[in-house]
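If you number the sequence shown the way the working numbering does, the last residue is 369 and the count never jumps.
Cβ atoms here follow ideal geometry from the backbone N, Cα and C, with glycine treated the same way.
Just so you know, these numbers come straight off a predicted model, no measurement behind them.
Written out below as structure tokens is the structure these notes cover.
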Amino acid sequence: MTNTFSIGNNMNVGLGAPLLLIAGPCVIENEEKTLEIAERIKGIVRDMDVNFVFKASFDKANRTSIDSFRGPGLEQGLAILGKVKSRLGLPVISDVHSPDQVGPASEVLDILQIPAFLCRQTDLLTAAGNSGKPVNVKKGQFVGPWDMKHVTGKVLSTGNERIMLTERGSSFGYNNLVVDFRNFSIMRDLGFPVVFDATHSVQMPGGLGNCSGGDRSYVPLLARAAAAAGVDGVFFEVHTDPDKALCDGPNSLTMEMLESILPQLLAIRKAAS
């Protein structure tokens, strides 16, 4: 049985809670585009039994190339996410990459996210735990699902039990990922809600040479399978024009794709319950 806990303004995640949707652009491109995407997604889910948390990174510290767009940075990025909260009434989540970012980030964010590449960084995990905020840890592409018990143990050592685990595929040779659907059950048995990051799971890391590739056409297939497997939430990168997105465009969903897939996931989830 997974833990159930609250996020933001009495929004629940976990067993018996509505489907958690974490969605937004990979990176904050600018204030106008960020608010536009958040408002569009909010409109799509307005009449659905979905708990929506807006996601965008203020800094993508793990881009393939030194020339890749990283985002506006901590101060400006948090200010933009703060406007998403105040103007649209949405809880927000973003990545933190170092312990010194946790303090200012926790003043704005409703959930602190630990990037997959940093999922074993003890100082980062304990700093996030000590914030008292919910912590979403993305399972590294190089980590077995059973090994996430050590990751959660680091956060639990701070007394913080509000932990989510996110599956985002496992390395399968060079520039490719695969999803082992056993991972959902294994990680849920650790006692925490599990989220499926469907768009990063179709990513091809470094696959375009100086940036990552991907194939968004497989996202609906994997997301439907994850819903049948009983995940507590889904994570989608979404953009109004993915082909012009400044980060992760090839694996990001269009608004139309998001609007099409969510009712399918809810129907599958209901049938599987």
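Sheet register partners of residue i (DSSP bridge)
i      : result
ASP191 : GLN209
MET260 : ASN232
ILE118 : VAL149, PHE331
LEU349 : VAL334
LEU273 : SER267
VAL204 : Its beta-bridge partners do not exist; DSSP assigns none.
ASN108 : SER102
PHE292 : GLU263, VAL330
LEU123 : The sequence shown places Val at residue 123, rather than the Leu named in the question. Its beta-bridge partners are SER153.
Residues near residue i by beta carbon distance below 6 Å, same chain, minus five either side
i      : result
ASN147 : MET107, PRO114, LEU116
ASP219 : PRO195
PHE101 : ARG258
GLY305 : Confidence in GLY305 is poor, its pLDDT being 41 and thus under 50, which makes the residue's placement unreliable; the coordinate value appears in the next sentence. Closer than 6 Å at the Cβ level, and outside the excluded window around GLY305, lies no residue.
GLU263 : LYS235, ASN279, PHE292
ALA323 : LEU361, ILE364, ARG365
ILE176 : ILE124, GLU127, THR130
Buried or exposed by the 16-neighbour rule on C-beta atoms within 10 Å, applied to residue i
i      : result
LEU317 : exposed
PRO359 : exposed
ASP206 : buried
GLY225 : buried
ASN347 : buried
VAL274 : exposed
GLU128 : exposed
HIS246 : exposed
LEU111 : exposed
GLY249 : exposed
ASN105 : exposed
TYR270 : exposed
Neighbourhood of residue i by C-beta, 8 Å cutoff - its chain only, sequence neighbours within 5 removed
i      : result
GLN217 : ILE210
LEU354 : ALA119, ILE137, ILE140, PHE332, VAL334
MET97  : The pLDDT assigned to MET97 is 45, lower than 50, so where the model puts this residue is not dependable; a value taken from the coordinates is nonetheless given after this. Result list for MET97: LEU111, GLY287, in chain order.
MET283 : LYS235, PRO241, MET244, LEU261, GLU263, VAL290
Residue from the options with nearest C-alpha to residue i
i      : options                        : result
VAL204 : ILE103, LEU273, SER266, PHE331 : ILE103
VAL123 : GLY265, LEU349, SER190, SER267 : SER190
PRO230 : PHE238, ALA201, GLU125         : ALA201
VAL327 : PHE288, ILE357, ALA152         : PHE288
HIS296 : ASP337, LEU252, GLN237         : GLN237
ILE118 : GLU132, LYS151, LEU252, SER253 : LYS151
ASP243 : VAL109, ASP285, GLU171         : ASP285
GLY255 : LEU221, ILE176, MET351, THR130 : LEU221
LEU170 : ASP337, ARG142, ALA157, TYR270 : ALA157
MET351 : TYR270, VAL198, ARG312         : ARG312
GLU132 : ALA212, LEU261, LEU184         : LEU184
ILE137 : GLN197, LYS366, THR336         : THR336
ALA325 : ILE357, ALA368, PRO338         : ALA368
VAL251 : PRO241, PHE268, GLY240, SER227 : SER227
ALA134 : MET144, ARG320, VAL315, LEU186 : LEU186
ILE357 : LYS340, ALA341, ASP339, ALA321 : ALA321
PHE268 : MET283, HIS193, MET260, VAL239 : VAL239
HIS193 : GLY178, VAL180, ASN232, LYS179 : ASN232
SER253 : ALA223, TYR270, ASP339, ARG142 : ALA223
Contact set for residue i: own chain, Cβ-Cβ below 7 Å, skip 5 residues either direction
i      : result
LEU174 : PHE154, PRO200, ALA201, VAL204
SER266 : GLN237, LEU273, VAL274, ASP276
GLN197 : LEU170
GLY178 : VAL204
GLY167 : VAL123, ILE124, SER153, PHE154, ASP155, LYS156, GLY173
Below 8 Å, how does it come out for the segment 332-350 and the segment 274-284: are there three or more Cβ pairs, yes or no?
No, they do not touch.
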